[in-house]
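Residue numbers (this note's numbering): 971 to 1283.
We put the beta carbon where it would ideally sit given N, CA and C, even for glycine.
The structure presented is a predicted model; accordingly, all values stated were derived computationally and were not measured.
Data first, discussion second: the structure below is written as structure tokens.
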């Protein structure tokens, strides 16, 4: 499934699924299906109202989403997206405004530093012998299409495309061979960074957690569609120019190892977000920092393109 959080006009965020050029409202479809069965006459059929709630319900939540999606796909095939819109069960994708799949993570966004050898080298660092973790503040998560603010406090604004893991099943001291079974799905994060603040403060949190510095999306692809996360092309384009182009097979620490090591003595929770590092080609290495008006397109194979534009602070 390609799950999304979206709005229609000024409505509250909804949990949906992207199917071709249509957005299906999974909560409304769950309620419609329940009415057909005579089990629920009013409301949304008890369907989770947020993506975090959906993930937190575990297999039951995922099963309810799949059932609602199957109902929606059948109606879409039979009646078309226009009819779904009339019944408030869906709408054309271009009429939906995407939010980040998890607009406000319950905890900090966990990140991996220097997880591609070539990126470590271009920044003048040795490849690490153990995973390097840091966090971004959850308040800096930004929607697809949202505006990245070039705050006046930085003169060295940079980008980092990253495959991002969303945990589905809680666990501590997770064996590496079981790590992927704890994954709910995958999305994209652009780890926007103020390089001068990184250097000034001698750590990574401040320079990576300014407002709007964590674009996320456009969709959350469930783990069954990406059984091996080390098989994906990954790229970043700035104003159409490819700056980063690599492959997740080049990670120093694969996704399963990143999860296993992070979970040592530390409980990972459903909805936790882990950005797994960026390949070579960042602006700091190329001498090409971001400026007002730049359009960024972060792409990961089988997930899509996360597009955002830089605006003045």
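query: Where does residue 1148 sit, in a helix, a strand or coil, going by DSSP?; result: helix
query: Using alpha carbons as the reference points, say which of 1033, 1057 and 1028 lies closest to residue 995.; result: 1057
query: Taking 8 Å as the threshold (C-beta atoms), are residue 1230 and residue 1149 in contact?; result: yes
query: For residue 1256, which of helix, strand or coil comes out of DSSP?; result: helix
query: Would you mind stating whether residue 1126 and residue 1259 have Cβ atoms separated by less than 8 Å?; result: yes
query: From residue 1049 to residue 1036, what distance separates their C-alpha atoms?; result: 20 Å
query: Can you look up residue 981 in the DSSP assignment and give me helix, strand or coil?; result: coil
query: Taking residue 1042 and residue 1060 to be in contact with their CB atoms under 8 Å, please state how far apart those CB atoms are, rounded to whole angstroms.; result: 6 Å
query: So which of 1104, 1164 and 1112 has the shortest CA-CA distance to residue 1158?; result: 1112
query: So, are the CB atoms of residue 1248 and residue 1166 less than 8 Å apart?; result: no
query: I need the boundaries of the alpha helix (DSSP H) containing residue 1168, first residue and last residue.; result: 1165–1171
query: Report the option in 1246, 1239, 1021 and 1117 whose CA atom is closest to the CA atom of residue 1142.; result: 1239
query: Out of curiosity, what's the CA-to-CA distance linking residue 1206 and residue 1155?; result: 21 Å
query: Check for me: the alpha helix (DSSP H) holding residue 1121 runs from which residue to which?; result: Run containing residue 1121: none; DSSP gives neither H nor E here.
query: Using the DSSP secondary-structure output, state which residues sit across from residue 988 in a beta bridge.; result: 993
query: Which residues does DSSP pair with residue 1214 in a beta bridge?; result: 1206
query: Find out if the Cβ-Cβ distance for the pair residue 1003, residue 1188 is shorter than 8 Å.; result: no
query: In the DSSP output, what is residue 1069 paired with across the bridge?; result: 975
query: Using a Cβ-Cβ cut-off of 7 Å (strictly less than) and excluding sequence neighbours within five positions of residue 1274, which residues of its own chain qualify?; result: 1188 and 1189
query: What is the rounded straight-line gap between the Cα of residue 1027 and the Cα of residue 1034?; result: 10 Å
query: Tell me where the alpha helix (DSSP H) around residue 1176 begins and ends.; result: 1175–1178
query: For residue 1242, which residues of its own chain have a beta-carbon under 7 Å away from its beta-carbon, when the five flanking residues on both sides are left out?; result: 1077, 1080 and 1137
query: Measuring CB atoms only, is the segment 972–992 touching the segment 1087–1098, in the sense that at least three cross pairs come out at less than 8 Å?; result: no
query: Measure the Cβ-Cβ separation of residue 1152 and residue 1283 and say whether it is below 8 Å.; result: no
query: Roughly how many whole angstroms lie between the Cα atoms of residue 1191 and residue 1271?; result: 11 Å
query: With DSSP collapsed to three states, give me the class of residue 1127.; result: strand
query: For the segment 1058–1115, which segments carrying the beta strand (DSSP E) assignment without a break, of at least 3 residues, lie completely within its bounds, in sequence order?; result: 1060–1062, 1067–1069, 1079–1083 and 1102–1106
query: In this structure, how does DSSP classify residue 1019 when only helix, strand and coil are distinguished?; result: coil
query: Using CA atoms only, rank isn't needed, just tell me which of 1040, 1234, 1168 and 1020 is closest to residue 1146.; result: 1234
query: Going by alpha carbons, who is nearest to residue 1097 out of 1085, 1000 and 1105?; result: 1085
query: What does a CB cutoff of less than 7 Å around residue 1175 pick up in its chain, not counting 5 residues either side in sequence?; result: 1104 and 1105
query: Are the beta-carbon atoms belonging to residue 1277 and residue 1073 less than 8 Å from one another?; result: no
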